[in-house]
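Trainee: Under mature numbering (1 follows the signal peptide of the UniProt record, and there is no 0), read the sequence shown as residues -17 to -1, 1 to 286, first letter to last. Note that beta-carbon positions come from the ideal geometry of N, C-alpha and C, so glycine has one too.
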Amino acid sequence: MLPFCVLSLLLVQTLGATDVPIIGILSQETFSVNSLFPGINYDSFIAASYVKYLESAGARVVPIMIGKNKEYYKELINHTNGILFPGGATFFNQSDGYADAGQIIYDIALELNKNGDYYPIWGTCLGMELMVHVALGGKEVRSHCSATKISMPLEFKSDFRTSKLFSNAPDDIVEDLTNLDITYNSHNYCLTEETFEENNLLKDWQIISTNKDVNDFEFISVFESKKYPFYSIQFHPEKANFEFKSSLILPHSAEAIKSSQYFANFFIEETKKNSHKYPDWQSEQEALIYNYSPHFTGLQNIQ
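1) Identify whether residue 220 lies in helix, strand or coil by the three-state DSSP scheme.
2) Which residues in the same chain as residue 275 place their Cβ atom closer than 8 Å to its Cβ, once the five residues preceding and following it in sequence are excluded?
3) Return the Cβ separation of residue 211 and residue 148 in integer angstroms, given the expectation that the two are a contact with Cβ distance under 8 Å.
4) For residue 238, write down the residues that DSSP places opposite it in a beta bridge.
5) Please report the residue range of the alpha helix (DSSP H) in which residue 33 lies.
6) By a C-beta neighbour count over all protein chains shown, 10 Å radius and 16 as the cutoff for buried, is residue 65 buried or exposed?
7) Could you please give the first and the last residue of the uninterrupted alpha helix (DSSP H) stretch that includes residue 129?
8) Determine the closest residue to residue 11 out of 5, 119, 69, with distance taken between C-alpha atoms.
9) So the beta strand (DSSP E) residue 53 belongs to, where does it begin and stop?
10) Quick one: what does DSSP say residue 1 is sitting in, helix, strand or coil?
11) Which residue from 174, 8, 114, 101 puts its Cα closest to that of residue 126?
12) For residue 272, collect the residues of the same chain with a Cβ closer than 7 Å to its Cβ; drop the 5 residues on either side in sequence, then sort them by chain order.
13) How long is the line joining the alpha carbons of residue 120 and residue 87, rounded to whole angstroms?
14) DSSP on residue 195, reduced to helix/strand/coil?
15) Curious, which full-length alpha helix (DSSP H) runs of at least 4 residues does the segment 242 to 282 contain?
16) If you measure between the beta carbons of residue 234 and residue 164, is that distance less than 8 Å?
17) Just tell me which of 123, 98, 128, 238 has its CA closest to the CA of residue 196.
18) Could you have a look at residue 86 and say whether DSSP puts it in helix, strand or coil?
19) In three-state DSSP terms, what is residue 107?
20) Cβ atoms of residue 192 and residue 204: under 8 Å apart, would you say?
21) Exposed or buried, what is residue 258 when buried is set at 16 or more other beta-carbons lying within 10 Å of its beta-carbon?
22) What are the uninterrupted segments assigned as alpha helix (DSSP H) that are 4 or more residues long and contained completely in the segment 157 to 201, given in chain order?
23) Which of the three DSSP states is assigned to residue 91 in this structure?
24) Taking one C-beta from the segment 94 to 101 and one from the segment 132 to 149 each time, how about it: are there three or more such pairs within less than 8 Å?
25) Compute the Euclidean distance between the alpha carbons of residue 9 and residue 199, then round it to the nearest angstrom.
26) Using a Cβ-Cβ cutoff of less than 8 Å, which residues in the same chain neighbour residue 269 once the five nearest sequence positions on both sides are dropped?
27) Relative to the C-alpha of residue 181, which candidate in 278, 226, 115 has its C-alpha closest?
28) Let me confirm a value: residue 185 is counted as buried when at least 16 other C-beta atoms fall within 10 Å, else exposed. Which label applies?
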């Protein structure tokens, strides 16, 4: 009887899992990069560092276009294993833009998770702010702050080890994140604990760490959903590994790179827990970001 029990356990543990996840990255309007592309009218873009970041953890990437209908996003979610809301510089009030697409995606993913599926979403910087924006149905609750081109250690909450994100984090990763200036911030908006309290968010979201900007204004730097695989960070782990613009003053130490890889690995392991996939090899290959030619901006954007 024992061999059968062991086999049954293995089947349950691996049911609905994949070792080759495909992640959708939400694109955004080109306001922040138009000056780099004179004479070219792009509708949206994805920074290459996010693609490399996910690939470094063993995933493949599908671009998510803005300005599409609900059926487009529903089909994309059914065929992918998770979504990343990236950072950037766009507005939440643009019709059919980044925030509208994020709202549709969040609502679909939330419903899937409520019904027993396991579909992760990760938000970085602007994507973290978007997570709260869409969780509140499009309500603007951000505060102005000043945290650009600055790297800091995280100020963990006392119960941070109860979070999914850090419950099994290696001690050396936690020690580095606690003591070293390796989380790179580049944002003028912040989310605060007071905002979470005022909008009744604390019942659904766990605040894991906070930080302070150059004016000693405290903001949330990491939080996650208490019920679903939704994770958000205000800083940019992808930049340590894959961006080298000198004026950004980025951390490239071994500790910064190691912690960056921890976050990428964690998210991708989460996305391996569902069995979403494209119906066939051909449609999968046609969806991947490799079908789009990257636009190299190094010569225009190196400083």
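Mentor: According to the structure data:
1) helix
2) 46
3) Taking a contact as a CB-CB distance under 8 Å, the pair residue 211 and residue 148 does not count as one, their CB atoms being some 13 Å apart.
4) In the DSSP output, where bridge partners are listed per residue, residue 238 has none listed.
5) 31 to 38
6) buried
7) Not the alpha helix (DSSP H): residue 129 falls in the beta strand (DSSP E), residues 126 to 135.
8) 69
9) Here residue 53 belongs to no beta strand (DSSP E); instead the alpha helix (DSSP H) covers 53 to 62.
10) coil
11) 174
12) 34, 44, 45, 46
13) 10 Å
14) strand
15) Listed in chain order, the complete alpha helix (DSSP H) runs (minimum 4 residues) inside the segment 242 to 282 are 264 to 270.
16) yes
17) 128
18) helix
19) strand
20) yes
21) Counting the other Cβ atoms within 10 Å of the Cβ of residue 258 gives fewer than 16, which makes it exposed.
22) 176 to 181
23) Of the three classes helix, strand and coil, the one that applies to residue 91 here is helix, per DSSP.
24) no
25) 32 Å
26) Around residue 269: no qualifying Cβ.
27) 115
28) Within 10 angstroms of the beta-carbon of residue 185 lie fewer than 16 other beta-carbons, which makes it exposed.
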